[in-house]
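In our numbering, the protein residues as written are 64 to 287. We put the CB at the ideal spot given by N, CA and C, even for glycine.
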């Protein structure tokens with residue numbers, strides 16, 4: 064397994080992509096572009112350093128719960144299960160919120176997996192090279208690393224639900240943040256991947272909730 068992971072996660076490639084982008088900006092000249100290029104280099108270095116620090120920190124009590132949480136969120140199963148519970152036990156408001164959250168996942172996943180990932184082809188981290196303990200391991204996805212689809216879907220779901228049920232939306236954001244961290248802890252994402260994924264999800268969740276709010280009242284009532 065370690066050999067396979069190392070083969071599909073070349074450690075230099077992620078750094079090379081950020082470096083190439085920084086070089087392109089620097090070649091275009093101008094103080095603003097040079098500053099942005101330097102920011103990109105430094106942010107990339109921080110991103111990799113935080114990943115390595117998490118990988119090297121022993122956390123035996125957290126490894127299994129975070130591995131399970133990461134797997135639970137595969138294919139948005141965790142969020143769909145919560146939505147089902149809300150639909151059954153949450154009354155009309157719960158059904159509306161659950162529908163909004165579920166609807167937010169679709170466009171978010173499409174934007175991340177079909178859009179951003181195809182443009183920014185960042186390889187997955189070198190999990191074995193960074194020394195991520197084997198007991199943390201989940202299946203290494205075959206897709207590119209940036210941004211995190213798990214983080215995007217979780218925050219989209221929480222954001223859309225929070226429009227109608229703010230306190231539940233806040234609690235779900237904490238759960239989404241735990242899922243996002245679990246993807247770094249298990250070694251399949253860099254921290255920057257999950258941060259950007261969370262920002263995308265928060266934005267698309269809000270946009271979905273806005274769109275639903277603008278639907279005719281009769282249609283929104285029919286959903287309940």
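- In chain order, 161 place their CB closer than 8 Å to the CB of residue 147, counting only its own chain and leaving out the 5 sequence neighbours on each side.
- Of 234, 210, 246, 254, the smallest CA-CA separation from residue 264 is found for 210.
- With a cutoff of 8 Å on beta-carbon distance, residue 171 and residue 267 are scored as near each other.
- In terms of Cα proximity to residue 224, the closest of 276, 250, 249, 179 is 276.
- Residue 243 sits close to residue 214, with the two beta carbons spaced by under 8 Å.
- In the DSSP assignment, residue 122 falls outside any alpha helix (DSSP H), carrying neither H nor E.
- Taking the CA atoms as reference points, residue 249 sits about 10 Å from residue 131.
- Sequence-distant partners of residue 128 (beyond 5 residues in either direction) whose C-beta falls short of 8 Å from its own C-beta are missing from its chain.
- Rounded to the nearest whole angstrom, the C-alpha separation of residue 187 and residue 270 is 29 Å.
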